[in-house]
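Written out below as structure tokens is the structure these notes cover.
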Amino acid sequence: MTILKVKELKHQYPDGTSALKGVNIDVFQGEFIAILGANGSGKTTLLKHLNGLLQPESGSIFLDNRELSKYKPSEVFKKIGMVFQDPNDQLIVPTVEEDIAFGPTNLHLSQKEIARRVEKALDLVQMREFAKKAIHTLSYGQSKRICIAGILAMEPDVLLLDEPTSGLDPSGVKTVMKILRDLNKKQGITIILATNSVDHVPVFMDRVLIMDKGKVFQAGTPEQVFTDSKTLAEVKLELPQIAQLMEILRDKDKLPINSLPLTIGHARQELVKLVNAGSEVFISPECSTH
Ligand SMILES: Nc1ncnc2c1ncn2[C@@H]1O[C@H](COP(=O)(O)OP(=O)(O)O)[C@@H](O)[C@H]1O
Ligand SMILES: [Mg+2]
Numbered sequence: 001m002t003i004l005k006v007k008e009l010k011h012q013y014p015d016g017t018s019a020l021k022g023v024n025i026d027v028f029q030g031e032f033i034a035i036l037g038a039n040g041s042g043k044t045t046l047l048k049h050l051n052g053l054l055q056p057e058s059g060s061i062f063l064d065n066r067e068l069s070k071y072k073p074s075e076v077f078k079k080i081g082m083v084f085q086d087p088n089d090q091l092i093v094p095t096v097e098e099d100i101a102f103g104p105t106n107l108h109l110s111q112k113e114i115a116r117r118v119e120k121a122l123d124l125v126q127m128r129e130f131a132k133k134a135i136h137t138l139s140y141g142q143s144k145r146i147c148i149a150g151i152l153a154m155e156p157d158v159l160l161l162d163e164p165t166s167g168l169d170p171s172g173v174k175t176v177m178k179i180l181r182d183l184n185k186k187q188g189i190t191i192i193l194a195t196n197s198v199d200h201v202p203v204f205m206d207r208v209l210i211m212d213k214g215k216v217f218q219a220g221t222p223e224q225v226f227t228d229s230k231t232l233a234e235v236k237l238e239l240p241q242i243a244q245l246m247e248i249l250r251d252k253d254k255l256p257i258n259s260l261p262l263t264i265g266h267a268r269q270e271l272v273k274l275v276n277a278g279s280e281v282f283i284s285p286e287c288s289t290h
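Letter 284 of the sequence shown, counting from 1, is numbered 284 in the numbering used here, and no numbers are missing.
Below, the structure is given as structure tokens:
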């Protein structure tokens with residue numbers, strides 16, 4: 001079922017910059033989509049349209065088959081939550097607990113329901129013991145997780161995240177990606193995540209949309225879009241590192257690799273297969289002497 005539909009979306013900023021030049025997307029319920037693109041390709045501008053923070057110059061956006069502009073802003077914020085790139089744009093009240101309660105409080109829910117949501121959101125981002133902490137004492141990675149919790153407390157159907165792993169250390173990246181995968185798989189939340197780091201895309205996401213200069217350059221499964229480094233270089237992107245290695249082994253060293261592995265797991269399988277096939281060739285003359 002299509003939850004969000006974007007048709008011929010165009011956007012021009014007041015200074016005349018054409019940031020979106022006719023974007024078309026269908027997002028299906030329960031998907032985990034990556035919006036990939038170099039800096040300035042239009043990812044943030046697109047996300048901001050999807051929860052009504054920016055208005056289209058032309059084109060339209062449908063949420064559950066109804067035009068987004070027909071919803072009240074409060075209805076949109078309830079259904080679609082956006083986690084901004086910079087936590088400082090999002091965290092506004094002094095403590096973790098109060099910050100997460102901010103959205104639900106504005107929904108005029110009962111104190112009991114607000115407390116339940118805050119607790120659940122903290123559990124989902126694995127930050128329960130931080131409830132009473134002051135926001136300014138959190139590490140960058142922790143504040144990112146609190147931003148996510150603040151949006152989860154609104155219990156949205158769709159979660160938009162603008163480069164949620166930028167600026168995090170490797171373990172922080174893994175934690176956030178695993179939290180997002182659980183939210184998608186266990187809670188059924190549709191996730192659209194803008195990023196310019198390719199390595200995690202094939203591991204976590206169902207579908208990729210590559211943006212370039214305000215347009216969708218390519219869309220498909222990771223296997224469909226990560227086919228060769230030349231095409232990606234056209235839009236200032238690279239293959240995931242492991243795929244770069246496998247591409248070199250295939251093209252320069254002429255190893256018989258059919259479809260390009262995109263993850264360490266797949267590359268490992270392929271290499272073990274090749275080594276085993278190679279050792280068979282190697283040992284076969286010996287075997288024939290028996
Ligand atoms: N507030 C703004 N005013 C004018 N131009 C902007 C503004 N925000 C973004 N842009 C421009 O719009 C284009 C798309 O930007 P953005 O959506 O932020 O891309 P991305 O998130 O992929 O880096 C860029 O050329 C950027 O310079
Ligand atoms: Mg951006």
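Just so it is clear, CB atoms sit at the ideal spot from N, CA and C, and this is done for glycine as well.
By the criterion of at least three beta-carbon pairs nearer than 8 Å, the region 175 to 184 is not in contact with the region 66 to 74.
Boundaries of the beta strand (DSSP E) around H11: T2 to Q12.
Along the length of the region 206 to 246, whole beta strand (DSSP E) runs at least 3 residues long occupy 207 to 212 and 215 to 220, reported in chain order.
D212 is the residue among D212, L237 and R268 whose C-alpha sits nearest the C-alpha of T44.
A buried status is given to T175, since no fewer than 16 other beta-carbon atoms sit within 10 Å of its beta-carbon.
Residue I135 holds the alpha-carbon nearest to the alpha-carbon of L91 among E119, I135 and P14.
Per the DSSP secondary-structure output, F28 pairs in a beta bridge with T2. Residue pairing for L193: DSSP places it in a beta bridge opposite A34 and L161. Contact between V158 and I192 holds: CB atoms are separated by about 7 Å, below the 8 Å threshold.
Short note on Q90: C-beta not closer than 8 Å to any heavy atom of ligand 2. Per the C-alpha coordinates, the member of E113, P156 and T95 positioned closest to E129 is T95. When C-alpha distances from S229 are compared across T221, G220, Q241 and A219, the shortest belongs to Q241. Annotation: S139 is outside any alpha helix (DSSP H) and is labelled neither H nor E by DSSP. Note on geometry: alpha-carbon atoms of F32 and L271 lie some 29 Å from one another. Going down the chain, each residue whose beta-carbon is closer than 6 Å to a heavy atom of ligand 1 shows up: Y13, D15, T17, A19, G37, N39, G40, S41, G42, K43, T44 and T45. Closest by C-alpha distance to F226, out of G22, G16, Q187 and A34, is A34.
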